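2 protein chains.
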Amino acid sequence: MKVTIKDIAQKLNLNFSSVSRALNNKPGVSEETRKLVMKTAAKMGYRPNVIARGLVSRTTRTLGVIIPDIINPLFGAITTGIIETANQNDYDVFLCISNWDRNKEIDYINAVQQKQVDGFIVKSVSDSNTILLDTAHVPVVGYESWAANNQFSSVSTDNIKGGYIAAKHLIDCGYRRSAIINGPENSSASINRRKGFIQAFIEHNLKIDDSKFCFGEYDIESGYILAEQLLREHKDIDSIFTNNDVMALGVLKYLEENGISPGKDIGVIGFDNIGIASMPQIQLTTVKQPKHSIGRIMVNLLLDEIKNNAENIQHYPQRILLEPELIIRKTTCKK
Amino acid sequence: MKVTIKDIAQKLNLNFSSVSRALNNKPGVSEETRKLVMKTAAKMGYRPNVIARGLVSRTTRTLGVIIPDIINPLFGAITTGIIETANQNDYDVFLCISNWDRNKEIDYINAVQQKQVDGFIVKSVSDSNTILLDTAHVPVVGYESWAANNQFSSVSTDNIKGGYIAAKHLIDCGYRRSAIINGPENSSASINRRKGFIQAFIEHNLKIDDSKFCFGEYDIESGYILAEQLLREHKDIDSIFTNNDVMALGVLKYLEENGISPGKDIGVIGFDNIGIASMPQIQLTTVKQPKHSIGRIMVNLLLDEIKNNAENIQHYPQRILLEPELIIRKTTCKK
DNA sequence: TTGTTTTACTAAAGCTGTAAAGTAAAATTA
DNA sequence: TAATTTTACTTTACAGCTTTAGTAAAACAA
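Chains as they are written, first to last, in this note's numbering: chain X, 2 to 336; chain G, 2 to 336.
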């Protein structure tokens, strides 16, 4: 069925290792033989079994990528960046979707590691990362994983700064009584964005009330439910900072359904700058993350580490922080 | 470094094949030894190298998936369905994004095939599928590939019917002069949706003008540009059928920016039913595809074929057509 | 006790490829 | 022409695992 170098060798009455060298452009075969081998290989439809090759070289040119969810356009864009950059460097990607499930994440790490990936890119749900690191002796780059574990490199947007510029913008617009719709309580992104947000309020001698922090999942429903809850419990809220755009969409949905005009009646600012945020019907003010670049940078970092690892160069984990950018649209414009 | 069965064998003064049998629960080892091996393997942190195992079994429990784009929520959802179902069956997935580029697609097919995937799921951009089939002797399942090549199985929504119910709904709403914003001219989905659409118009003794068909890419920009063009060239258009929701979003963007009220001034119906379509600010009427199921069904079909292939059971390509469903929202409500 | 069967292993081959070492013939040098 | 080097191969080993065949010892039957 499948053509191997042995089949080629047999056909040409050559030893299979000569065929190997001919195909790999290594010395030790005459130009004549090499050409003959090449031609025969092409004619027979030979495709190297890179798996077998990997057994010898102990590399697979394959990366494992574990992401919570690709329907959230944030991760969709990051994943696209990852896959594109990996492919440009002749790596393929095992894509795993943990669906925010800690156990699934661990299962994936084990399964994919057994497939001998050369490295991992992980957006960890909980911080099972540590386990990963101990058991897998494989280079790893995380997204937003620094706080949890600085044994391996991490890339993220500067979330403190992102929270800060979000708050600063709200304050500049004249909002004074903000609420925050956070992601899960233990999410480091959420923690840092909140931290930066509060910091700006303090710097402007404004108080921000703990009771106006609420926590949920990073999805539309959560945004919707928490908006309802917040606005019911606190009549004085004049603006909401949601920890991502998808949640902000939920907030906007609630506002729309209840005849509350975002921007006028209440300010809303999100995080990520997903595509839909720019729709004229939405016009969500948000903090942009360089999503595609995040993917690209993570891969480049990982490939570096893989290379260093192969050459036994000492590994120093790096933390890369990317700049957030304020995108002002219509959901914040009190003045 | 990495623990192999040989390391375990050496430690226990056993032959490595006894270790192999012990770990795989095959007969030929005493219960005592088996337990000892198991315990030692766990203690030493042994992880089987499934790659090496695959060399012997000639399977990798890996699928190759080639998709044009995962930021379009349609493919995001299909891909999620694929990955989830694959994982439930202990398969991993190489995800490749062709970015609607025919050559990239071919490159991917070659690259991934060399990694000995057990099967392919492909949403082909052009129909390079044929090449694939000839060179790769590997089971393949396509999304919307039947018209192009019925050598391998294909799953899709019944696009003719989808187009039909879209038109029927517009007619029922009282619209009479529709335009169609299609995808690329050679897209089979686009062709079939248009065909069904026209059919409904004919059945209702209505005429639909060829000059109101236009073609573009499946993205927001295309929808935007073509809406502008259509409405400039044809003042009488009362409704637009776009071949997917993302394009419809572009149309809605144009309408919003020009003070034209969708639903009232002009009817808009999309295709796919992506998440944002249900946002109150959007409320896009559309034809729903069972996206997640499409992914699931493709994987199940593929795994069946892989199994049959292994058992040398004759392969008959199947065509699976799923039911589209009309989702009525606010962008169509003339009456 | 001898012969047979079963048990519990070991040895070796094979999956596909790379790489290092070995060899015979051709080409070069003295 | 003989000695040396180069060329073009072949042989062998190995990557990590499975599988088949082979073997020695233990268990059993006659």
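Quick reminder that beta carbons are idealized off the backbone N, C-alpha and C, glycines included. Here the structure is a predicted model, which is why all the values come from computation and not from measurement.
- At a C-beta separation below 7 Å, Arg48 of chain G has these neighbours in chain X: Gln114, Gln115.
- The alpha carbon of Asn90 of chain G has as its nearest neighbour, out of G:Ile328, G:Glu312, G:Arg320, G:Leu303, the alpha carbon of G:Leu303.
- Annotation: Val57 of chain X to Lys40 of chain G spans about 29 Å, alpha carbon to alpha carbon.
- Counting along the chain, the unbroken beta strand (DSSP E) around Tyr144 of chain X starts and ends at 141-144.
- In the three-state scheme derived from DSSP, where H, G and I count as helix and E and B as strand, Pro263 of chain G is classed as strand.
- Around the beta carbon of Tyr317 of chain G, fewer than 16 other beta carbons lie within 10 angstroms, which makes this residue exposed.
- Here Phe153 of chain X carries a coil assignment [DSSP, helix/strand/coil].
- Unbroken alpha helix (DSSP H) runs of no fewer than 4 residues, entirely contained in the region 69-128 of chain X, are found at 74-89, 103-115, following chain order.
- Close to Val51 of chain X, with beta-carbon spacing below 8 Å, are these residues of chain G in chain order: Gln115, Lys116, Gln117.
- Using a C-beta cut-off of 8 Å, the region 224-238 of chain G makes contact with the region 246-266 of chain G, since at least three inter-stretch Cβ pairs fall below that distance.
- Along the region 271-301 of chain X, the positions whose C-beta sits under 8 Å from a C-beta of chain G are Gly276, Ile277, Met280, Pro281, Gln282, Ile283, read in chain order.
- The residue from X:Ser240, X:Lys116, X:Ala10 with its alpha-carbon nearest to that of Arg48 of chain G is X:Lys116.
- Membership of Arg320 of chain X in the beta strand (DSSP E) is indicated by the continuous run 320-323.
- Contact of Lys254 of chain X with chain G by beta-carbon distance below 7 Å involves Met280, Pro281.
- The beta carbon of Ala311 of chain G does not come within 9 Å of any beta carbon belonging to chain X, so the residue lies off that interface.
- Phe242 of chain X and Thr63 of chain G have their C-alpha atoms spaced approximately 42 Å apart.
- Annotation: Ile226 of chain G has no Cβ neighbours in chain X at a cutoff of 8 Å; minimum Cβ distance is about 15 Å.
- If the five residues before and after Asn309 of chain G are omitted, its C-beta is found closer than 7 Å to the C-beta atoms of His316, all from its own chain and listed in chain order.
- Between the C-alpha atoms of Ile110 of chain G and Asp119 of chain G there is a straight-line separation of about 12 Å.
- DSSP lists X:Phe216 as the bridge partner or partners of Asn183 of chain X.
- The beta carbon of Cys334 of chain X sits no closer than 9 Å to any beta carbon of chain G.
- The beta-carbon separation of His293 of chain X and Ala78 of chain X, rounded to 5 Å, stays under the 8 Å limit for a contact.
- Taking the beta carbon of Ala78 of chain X as reference, the chain G residues within 7 Å of it are Ile72, listed in sequence order.
- In this structure, Ile192 of chain G sits away from Leu232 of chain G, with a CB-CB distance that is not shorter than 9 Å.
- Taking 8 Å as the upper bound for CB-CB distance, Asp239 of chain X and Arg178 of chain X are in contact here, some 5 Å apart.
- When the five nearest sequence neighbours on each side are left out, the beta carbons in the same chain lying within less than 7 Å of the beta carbon of Asp237 of chain X are those of Arg178, in order along the chain.
- By the neighbour-count criterion, in which a residue is buried when 16 or more other Cβ atoms sit within 10 angstroms of its Cβ, Gln284 of chain X is buried.
- DSSP places Val4 of chain X in no alpha helix (DSSP H); its state is neither H nor E.
- Here Lys27 of chain X is exposed: its Cβ has fewer than 16 other Cβ atoms, across all protein chains shown, within 10 Å.
- Taking a Cβ-Cβ threshold of 9 Å, the residues of chain X close to Thr81 of chain G are Asp70, Ile71, Ile72, Ile98, Asn100, in chain order.
- In chain order, Phe216 place their CB closer than 6 Å to the CB of Glu186 of chain G, counting only its own chain and leaving out the 5 sequence neighbours on each side.
- Between Asp246 of chain G and Thr286 of chain G the beta-carbon gap is near 10 Å, outside 8 Å, which marks them as no contact.
- Nearest Cα to Ile221 of chain X within the set X:Arg22, X:Asn73, X:Asn14: X:Asn73.
- By alpha-carbon distance to Ile172 of chain G, the top candidate from G:Ser127, G:Pro140, G:Ile199, G:Gln152 is G:Ile199.
- If you draw a straight line from the Cα of Tyr219 of chain G to the Cα of Asn244 of chain G, it comes to about 8 Å.
- Within the DSSP secondary-structure output, Asp273 of chain G pairs in a beta bridge with G:Lys289.
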